[in-house]
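Heads up: the sequence lines are chains A, B and C, in that order.
Anchor point for the first sequence: position 307 equals 315 in my numbering, and the numbering is continuous, going up by one each time.
Anchor point for the second sequence: position 213 equals 216 in my numbering, and the numbering is continuous, going up by one each time.
Anchor point for the third sequence: position 262 equals 263 in my numbering, and the numbering is continuous, going up by one each time.
All remarks here apply to the structure that follows.
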Amino acid sequence: MTIRTTLSAGLAAMSLTATLGASTALADPVTVGLITTLSGGGAGLGVDIRDGFQLALSMSGSDAIHLVVEDDAQRPEQAVQIADRMIQSERAQILTGIVWSNLAMAVVPSATAQDVIYVSPNAGPSQLAGAGCTPNYFNAAYQNDTMHEASGAYANVLGYENTFIMAPNYPAGIDALTGFKRYFEGSLAGELFTQLGQTDFAAEIAQIRASGADSIFIFEPGGMGISFMRQYAQSGIDLPIISAAFSFSQDVLPAVGDSALGVINTAEWSPDMDNAANQAFVAGFQEAYGRLPSVYAAQAFDSANLILSALAAADINDLPAFRTAMRAADFDSVRGAFRFGNNQHPIQNYYAREVVSVDGVLTNRMVGTAFEDHQDVYATDCAME
Amino acid sequence: MTAALFLEQVLNGLQLGLMLFLMSAGLTLVFGVMGLINLAHGSLYMIGAFFCAAAAAASGNFWLGLIAGTAAAAAAGALIEVTVLRRLYDRDHLDQVLATFALILVLSELTKIGFGPFPLFLDVPPILSGTVNLGIAHYPLYRLALIGFGLAVALGLWLLIARTRLGIRIRAGENDREMIAALGVNIRALYTLVFALGAGLAGLAGALVGAVQSVQVGMGEPVLILAFVVIVIGGIGSIKGAMVGALMVGVIDTMGRFLLPRLFGHFMEQSQAAGIGAALASMLIYVLMAAVLVIRPKGLFPAHA
Amino acid sequence: MPEKSREYAVNAVLALGLLLVPLWALWAGEPFTITLATRIAILALAGVGLNIALGLGGMVSFGHAAYFGIGAYVAGILAQHAFLNTPVLGLPGSNQMLTIWPVAMLISGVMATAIGALSLRTSGIFFIMITLAFAQMVFYFAISWPAYGGEDGLPIYVRNQFPGLNTMRPWDLFLVAFGVLMVGLAFSALLRGSRFGAALMAIRQNPERAAAVGINPYGVQLTAFAISGMITGLAGALMADLTRFTSPSMMAWPMSGELIVIIILGGTGRLFGPVAGAAILVGFEVTFGGMTEHWKLWLGLVLLGAVLFARGGLIGLIAGKERHG
């Protein structure tokens with residue numbers, strides 16, 4: 009018995025009640041529930057996702073979507089409760105917005121089993137990309153490993169041969185190091201796990217200094233990355249750093265400061281990408297919110313446009329047709345080329361970006377390509393075609 | 004493992020311990036004098052860091068920021084003492100726990116409203132930037148300065164309590180509240196002052212540490228819990244205990260993170276050792292706390308009260 | 002005793018209300034209201050557990066999230082092993098609530114005994130800080146232990162089963178939670194009236210005098226603390242089934258704070274206090290959470306108001322000052 013069949017059998021009773029009121033008239037806007045983190049230390053990411061999503065709606069001028077936003081406080085139980093309410097009492101037919109993998113894992117399996125479409129604007133846990141893939145789940149961002157795989161691949165391009173790697177001791181951190189090692193061809197000068205939420209990295213920096221490494225790969229999202237970079241800048245060590253975009257995205261760059269200058273980080277998007285959709289997005293975001301967009305805002309912007317394109321092509325009450333329209337991904341992505349693989353995760357390019365200062369504002373500039381048309385490794389475990 | 008690396012880790016442990024001392028000293032003082040448990044102490048640490056970052060950014064001067072951060076935390080402390088906490092001295096600890104828990108929610112949300120949801124930038128002052136050569140190892144100057152700061156504040160606090168009139172009153176307050184009121188001391192003003200002093204110490208720690216850490220909402224609570232461990236080990240109400248406990252926690256935590264993964268590296272594959280070592284290192288100080296509890300239930304330096 | 006009878010009336014209204022509102026929701030086709038009522042019942046049960054330590058015994062534990070989380074993990078881990086058909090420590094997993102509950106209570110009870118044995122060597126403010134620190138240790142362990150998901154948590158794909166009911170249906174699960182809550186409340190009432198309860202309250206008021214009349218304060222308090230942890234652990238197991246998910250954040254310190262909030266909002270030491278408190282907290286979260294992203298600010302202000310001006314909690318406001326009834 010696979011996970012998916014058991015799920016749908018078990019949840020049949022719930023979905024029955026949930027879909028009772030779902031068959032709304034055609035012209036009515038479709039309710040989209042956006043659950044994201046708007047309070048606490050991780051609020052910056054959620055705010056960017058919300059703003060990016062809303063910007064896409066207002067720029068499109070479409071009234072096909074009725075958007076409901078709520079704060080999950082970065083707690084899985086809270087996210088589950090909000091999802092239940094949006095589905096059961098506000099009749100949301102599409103959910104999106106979650107920043108963190110662990111919250112996505114709490115919400116997505118049961119929401120999709122209730123015939124709700126979930127579009128991920130950020131997290132991409134491996135469980136949902138491989139054997140646990142499901143027709144109602146679309147990832148419009150990236151699968152978690154791929155960002156770090158891109159770092160590993162680009163470290164080869166840069167000629168790094170002896171790299172020190174470090175990440176927090178939790179599943180996403182372990183995945184990050186695994187992803188990096190999957191493509192990196194050099195040797196490891198050391199491998200360290202830090203504590204989640206750790207703020208003092210003196211002990212780790214001392215070991216980096218003593219390791220004889222020629223470069224460092226880190227995955228330290230949020231405040232951890234800010235703390236690490238500040239302390240690293242004071243350490244007098246001058247090794248190049250490579251990383252996935254998370255610690256060097258627009259939401260944290262101002263707080264990291266000039267010590268981030270020159271850091272190479274990998275992502276599927278960069279603010280200076282040369283396509284019309286992206287230029288309109290970056291200009292529109294700056295005008296609406298007075299700051300540069302982060303990669304999270306870009307992904308949310310794409311998520312909204314993806315949903316709008318599918319709503320224009322098919323009726324959501326005809327789920328198979330709507331899913332086909334979603335899979336077509338017929339919209340102008342700010343990343344340029346964008347298409348879905350069999351597991352409904354992106355097949356896309358990954359770029360190397362360098363942190364630069366433009367008119368005194370820190371931002372990222374594209375310097376190279378790490379992967380072209382890259383797909384995650386879990387897609388082969390997914391039974392969908 | 005070289006001697007230089009070992010020495011560097013010991014210094015790191017001392018530095019972490021001295022910052023924890025600044026946090027714990029305020030907490031333990033407030034408990035010793037007023038008998039109040041303040042969960043919102045971590046929020047004052049956060050306020051110190053945010054105001055320091057904002058003032059340093061506005062003025063371009065770290066030292067002005069440091070003063071602003073300390074002053075803002077002390078002022079916030081005095082404000083919540085006068086408006087809320089003053090009414091809770093005679094209540095049981097349960098009411099104090101709930102009220103200060105509520106204060107965490109309020110202060111975190113107000114900070115987010117005031118400073119925005121994104122982390123703030125705060126840089127080390129240029130004069131303390133870079134590293135110094137200690138003979139066998141290069142060590143960040145700012146961290147060395149933090150050790151100096153911590154020792155200076157500890158000395159100042161000791162002088163204040165041992166040598167000044169305010170100190171006499173504080174010590175008297177710890178021993179017998181009715182007595183000093185009878186002696187004509189304005190007990191309300193004394194309490195506000197002590198609370199503001201504790202808050203200022205927390206704010207100072209937040210501002211100092213903010214230059215090498217992320218200045219963000221929620222930064223105070225992990226430190227608060229470490230400070231609790233420090234106080235339990237050192238003994239509640241004892242400044243000396245806070246110092247010893249803070250140094251023990253700082254050094255043992257740092258050395259655990261450093262040595263445990265290496266230890267396991269002798270028995271198993273590297274990435275597995277790193278994982279298990281890190282997991283055990285995160286529990287080490289709690290094991291220390293449990294051990295102290297078994298031997299000395301009232302901490303290493305129990306206050307007389 | 003007019004206050005006493007007024008409190009009985011409040012209790013009856015709370016119990017009936019908790020049953021009738023979801024019944025109405027079932028009729029009106031509002032499944033989410035049933036889910037909310039289930040959540041209230043489960044949080045209230047966790048509060049009933051904590052109330053034995055805190056209200057009856059005067060032991061202010063700021064670490065009960067640990068037992069709540071341990072109970073949830075027992076449900077999650079046993080369900081996963083039953084699902085994958087693999088043994089755990091040589092024994093088979095289980096997807097039967099009637100098997101999971103005793104195991105959840107046993108393991109949270111053992112943990113509460115261990116932590117309690119150390120923490121009860123102290124009292125007062127020490128006790129608060131130590132229970133918080135130990136709970137945080139359990140939390141860090143759960144995050145960094147990869148076998149059961151670490152920080153990602155552990156999904157429960159299909160809710161565990163209860164004989165004769167389909168727990169995937171909101172109403173059926175509500176009945177289970179409501180039933181367990183009522184049993185928990187009855188047990189709590191019995192405990193209060195028993196000699197053990199009398200000894201516990203005597204120790205709270207004056208440990209020296211209690212010891213003088215032959216009560217062993219340490220033993221009685223430790224037993225009460227273990228029972229308290231067991232009931233909170235049972236609530237955790239139920240919560241895992243409600244959310245179909247277990248995560249370390251269920252044992253993080255804000256959860257411990259929430260459990261205390263539930264007790265105080267309802268009325269410390271009152272039998273039905275946790276029910277009233279859970280209803281207020283969940284109602285507040287749902288109402289304000291949808292209205293403003295600053296809902297935590299308002300929650301904080303309401304809590305401050307409650308501590309400063311409504312000392313007896315909701316039941317105290319309605320039924321008068323008499324405490325620990």
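Where a beta carbon is used, it is the ideal one built from N, C-alpha and C, also for glycine.
Name the residue from B:Leu169, B:Leu137, B:Leu108 whose alpha carbon lies nearest to the alpha carbon of Leu47 of chain B.
It is B:Leu108 whose Cα lies nearest to the Cα of Leu47 of chain B.
What does Phe84 of chain C touch in chain B if you count any residue whose Cβ is under 8 Å from its own?
What Phe84 of chain C touches in chain B: nothing, since even the nearest Cβ is about 25 Å away.
With which residues is Gln356 of chain A paired in a DSSP beta bridge?
According to DSSP, which records beta bridges pairwise, Gln356 of chain A is partnered with A:His382.
Segment limits, alpha helix (DSSP H) that includes His82 of chain C:
Residues 66-85.
Quick check on Gln216 of chain B: does DSSP put it in helix, strand or coil?
Coil at Gln216 of chain B, not helix or strand.
Residues near Gly110 of chain C in its chain [Cβ-Cβ closer than 8 Å; skip 5 each side]
Setting aside the 5 residues that flank it on each side, Gly110 of chain C is surrounded in the same chain by Ala227, Ile228, Gly230, Met231, Gly234, each with a C-beta closer than 8 Å to its C-beta; the list follows chain order.
CB-CB under 7 Å to Leu30 of chain B, same chain, minus the five flanking residues each way: which ones, in chain order?
The answer, listed in chain order, is Asn41, His44, Gly201, Ala230, Ile234.
Let me confirm a value: Leu88 of chain B is counted as buried when at least 16 other C-beta atoms fall within 10 Å, else exposed. Which label applies?
It counts as buried.
Touching or not, the region 233-248 of chain B and the region 257-277 of chain A, by the rule of three or more beta carbon pairs under 8 Å?
Contact fails: fewer than three Cβ-Cβ distances are below 8 Å.
Can you say whether Glu393 of chain A is buried or exposed, counting buried as having 16 or more other CB atoms within 10 angstroms of its CB?
Exposed is the call here.
Under a three-way DSSP split, which group does Arg361 of chain A fall into?
Here Arg361 of chain A sits in strand by DSSP.
Below-9 Å beta-carbon distance, Met22 of chain B vs any chain C residue
Residue contact with chain C for Met22 of chain B: absent (no Cβ-Cβ distance below 9 Å to any residue of chain C).
Counterpart residues of Gln242 of chain A in DSSP-defined beta bridges:
Note: Gln242 of chain A sits in no beta bridge, so no partner.
What residue does the alpha helix (DSSP H) around Val290 of chain A start on, and which one ends it?
From DSSP, the alpha helix (DSSP H) with Val290 of chain A extends over 284-297.
Distance cutoff 9 Å, beta carbons only. Does Ser248 of chain C sit that close to anything in chain B?
By the rule that beta-carbons nearer than 9 Å mark a contact, Ser248 of chain C does not touch chain B.
The region 141-156 of chain C: positions lying closer than 8 Å to chain A by Cβ
Hits within the stretch, in order: Tyr141, Ile144, Ser145, Pro147, Gly150, Gly151, Glu152, Asp153, Gly154, Pro156.
Quick check: what's the CA-CA separation for Leu39 of chain B versus Ala42 of chain C?
Rounded to whole angstroms, Leu39 of chain B to Ala42 of chain C spans 33 Å at the Cα level.
Taking only beta-carbon atoms, is Ala7 of chain B less than 9 Å away from chain A?
Yes, contact with chain A.
Three-way DSSP call (helix, strand, coil) for Ala140 of chain B in this model:
When DSSP states are grouped into helix, strand and coil, Ala140 of chain B belongs to the coil group.
Write down the C-beta distance between Thr45 of chain A and Ala81 of chain A rounded to the nearest angstrom, noting that I regard them as a contact closer than 8 Å.
Between Ala81 of chain A and Thr45 of chain A the Cβ distance is about 7 Å, and since that is below 8 Å, they are a contact.
Starting from the beta carbon of Phe33 of chain C, find every residue of chain A whose beta carbon is closer than 7 Å, and list them in chain order.
Residues of chain A with a Cβ closer than 7 Å to the Cβ of Phe33 of chain C are, in chain order, Asp92, Arg93, Gln96, Ser97.
Closer than 9 Å, Cβ to any Cβ of chain A: which residues of the region 48-66 of chain B, in chain order?
If you check each beta-carbon in the region 48-66 of chain B against every beta-carbon of chain A, the ones closer than 9 Å belong to Ala56.
Bridge-paired residues (DSSP) for Asn2 of chain A:
Past the edges of chain A, shown from 9 to 393, lies residue 2 of chain A, and the structure says nothing about it.
Please report the straight-line C-alpha distance between Met155 of chain A and Val127 of chain A, rounded to a whole angstrom.
Cα to Cα, Met155 of chain A sits roughly 19 Å from Val127 of chain A.
Please confirm if Tyr178 of chain A has its CB atom under 9 Å from at least one CB of chain C.
For Tyr178 of chain A, the answer is yes, since a Cβ of chain C falls inside 9 Å of its Cβ.
Just list the residues that DSSP pairs Pro176 of chain A with in beta bridges.
Per DSSP, the beta bridge partners of Pro176 of chain A are A:Thr202.
Classification of Ile116 of chain B by the beta-carbon crowding that lies within 10 angstroms, buried from 16 upward
So Ile116 of chain B counts as exposed.
How close, in whole Å, do the beta carbons of Asp153 of chain A and Asp384 of chain A come, if the pair is a contact with beta carbons under 8 Å?
Cβ atoms of Asp153 of chain A and Asp384 of chain A come within 8 Å of each other, at about 6 Å.
List, in chain order, every chain A residue whose beta-carbon is nearer than 8 Å to that of Met106 of chain C.
By Cβ distance, chain A contributes nothing, its closest Cβ being about 21 Å from Met106 of chain C, past 8 Å.
Under the three-state DSSP convention, the category Asn273 of chain A falls into
The three-state reading of DSSP puts Asn273 of chain A in strand, counting E and B together.
In this structure, how does DSSP classify Phe309 of chain B when only helix, strand and coil are distinguished?
The structure shown has nothing for residue 309 of chain B, since chain B only spans 4 to 308.
Helix, strand or coil for Ala30 of chain A, going by three-state DSSP, please let me know.
The predicted model places Ala30 of chain A with a pLDDT of 42, which falls under 50 and marks its position as unreliable; any figure quoted below should be read in that light. Three-state DSSP puts Ala30 of chain A in coil, outside helix and strand.
Under 8 Å: do the region 8-24 of chain C and the region 274-283 of chain C share three or more Cβ pairs, one atom per stretch?
Segments in contact, yes.
Taking the beta carbon of Thr10 of chain A as the centre, do at least 16 other beta carbons fall within 10 Å, making it buried, or is it exposed?
Caution applies to Thr10 of chain A, whose pLDDT of 43 falls short of 50 and renders its modelled position unreliable; the value that the coordinates give is listed next. With fewer than 16 Cβ atoms within 10 Å of its Cβ, Thr10 of chain A is classed as exposed.
Counting beta carbon pairs with one atom in the region 10-28 of chain B and one in the region 244-256 of chain B, are three or more of them shorter than 8 Å?
Three or more beta-carbon pairs separated by less than 8 Å link the region 244-256 of chain B to the region 10-28 of chain B, which places the two stretches in contact.
Going by other Cβ atoms of all chains shown within 10 Å of its Cβ, with 16 needed for buried, is Ala33 of chain A buried or exposed?
Note that Ala33 of chain A scores a pLDDT of 42, beneath 50, so its modelled location is shaky; the value from the coordinates is reported in the next line. Classification for Ala33 of chain A: exposed.
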